[in-house]
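Under full-length UniProt numbering, the first residue of the sequence shown carries the number 1, and numbering increases by one thereafter.
Where a beta carbon is used, it is the ideal one built from N, C-alpha and C, also for glycine.
Reviewing the structure listed below.
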Amino acid sequence: MTVPLSGIPLADHAAVYAALDRAGFTDVWSSEVAGTDAFTPLTLAAAWQPRLRLGTAITPVFTRGPGLLAMTAAALAETAPGRFALGIGASSPVVVRDWNAVRFDEPFRRTRDVLRFLRAALRGETVDEVYDTFTVRRFTLERPPAVPPPVLLAALRPGMLRLAAAEADGVILNWLAAQDVPRAVAELGDRRPGFEVVARIFVCPTEDAGHARALGRRLIAGYLTVPAYAAFHRWLGREASLGPMWAAWAAGDRRGAAAAVPDEVVDALVLHGSPEHCAAQVRRYADAGVDVPVMALLPTPELATGGAAALAALLPRLGVADTDADGS
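In structure tokens form, the structure reads like this:
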């Protein structure tokens, strides 16, 4: 499950983590956009729920210096030995340039260079290296983790997917349908033992299809107009279905862009229906080649009106281990 859950203060997440554990969830993965940072929710989970595995999906490679990113990851790896996975990625020009006042230059090379730096630094090595996009002089972690965390790479298109397969411990996918997974996984080719495929999957567990689709259209228009995601979905073959959205967005018509997203695209990218149906649809990702399907829970009318009691009732239904393919 993606954490933290919206509408619940971090101070109240001890109960959330306990409920996730009881419901059969094995992992909690954080994101880092404009809400919480990626590490604080996981640090709390490490202290409050010692059985959960922790992961960042993702930490941007531009918004922290290489040394600070290594120190932060090492601290969490020391806090939760063997239970933490560091997911890194390029992020986007909005997050990096517009919100963090950092130049968004050469994202592929920067991501590759940070990946190479982190793998050496987290092993406790002294790094004295001139990379293509930055230089590090004589950096050594004072507290290298006894168990270095695996480093996973967020990737969309072939170049980054191949880099992940060649140099990272796993790959993190985002904003793709279950039927898209085989194409992405095929680009990975041969992978080393233990390599993991992680995917974030948006889940809106409500039978109010109108609510789910309206929310899904807004999210798709906001995310899939980002150049990297637009190129990703062109590569996946959605030029015809998403072309009208891209055209409206380019013309400055934000409302028209959302309205132009077809139902079939929303239904493929934002899972909705009963919780059991959503859980069954998530398992399609696993069947297609995802090792760690990570739900991202979206707001529903039921959660808005039912509060904590509704959430407590929902999580076991999303975490059901065995349901039929139709969700029954």
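Separation of residue 151 from residue 135, as counted between CA atoms: 20 Å
Alpha-carbon to alpha-carbon, residue 305 and residue 109: 46 Å
When you compare each of 68, 252, 264, 315 to residue 274 by their alpha carbons, which one comes out closest? 315
Residue 112 (DSSP reduced to helix, strand or coil): helix
By DSSP's criteria, residue 30 is part of a beta bridge. Which residues make up the other side? 3, 56
CB residue 246 to CB residue 258, shorter than 8 Å? no
When burial is assigned at 16 or more other CB atoms within 10 Å of the CB, is residue 179 buried or exposed? exposed
Give the secondary structure of residue 291 by DSSP, where H, G and I count as helix, E and B as strand, and everything else as coil. coil
Beta-carbon separation (whole angstroms), residue 89 vs residue 172, contact threshold 8 Å: 7 Å
Between residue 1 and residue 28, is the Cβ-Cβ spacing less than 8 Å? yes
Buried or exposed for residue 52, please, with buried defined as at least 16 other CB atoms from any protein chain shown within 10 angstroms of its CB. buried
Quick one: using the 10 Å Cβ neighbour count with 16 as the cut-off for buried, is residue 164 buried or exposed? buried
By Cβ distance, which residues of its chain are closer than 6 Å to residue 154, with the 5 residues on each side in sequence left out? 58, 89, 172
Reference residue 241, options 220, 255, 251, 62, closest by Cα: 220
Restricting to Cα atoms, I'd like to know which of 276, 67, 212 is closest to residue 142. 67
Tell me whether residue 263 sits in a helix, a strand or coil according to DSSP, three-state version. helix
Please name the residue or residues paired with residue 200 in a DSSP beta bridge. 174, 294
The beta strand (DSSP E) that contains residue 84, what's its start and end? 84-89
Alpha-carbon to alpha-carbon, residue 21 and residue 182: 30 Å
Using alpha carbons as the reference points, say which of 70, 176, 30 lies closest to residue 156. 176
Bridge partners for residue 272 per DSSP, in chain order? 204
Please report how far the alpha carbon of residue 17 lies from the alpha carbon of residue 297, in whole angstroms. 14 Å
From which residue to which residue does the alpha helix (DSSP H) around residue 248 run? 239-250
First and last residue of the alpha helix (DSSP H) that includes residue 47? 40-48
Report all residues from its chain with a CB closer than 6 Å to the CB of residue 293; omit the five preceding and five following residues, and keep chain order. 199, 201, 282, 285, 286
Taking only beta-carbon atoms, is residue 239 less than 8 Å away from chain C? The chain labelled as chain C is not found in the depicted structure, where only one protein chain is given.
Need the endpoints of the alpha helix (DSSP H) that residue 79 sits in, please. 66-79
Does residue 153 come out as helix, strand or coil in the three-state DSSP assignment? strand
Apart from the five residues on each side of it in sequence, which residues of its chain come closer than 8 Å, Cβ to Cβ, to residue 196? 85, 150, 152, 169, 170, 171, 291, 292
Are residue 54 and residue 47 touching if we call contact CB-CB under 8 Å? no
Those residues which DSSP pairs with residue 127 across a bridge: 139
Residue 220: first and last residue of the uninterrupted alpha helix (DSSP H) it sits in: 209-223
Could you give the distance in angstroms between the alpha-carbon of residue 104 and the alpha-carbon of residue 224? 18 Å
On a CA-only basis, which of 15, 23, 19, 10 is nearest residue 39? Give me that one, please. 10
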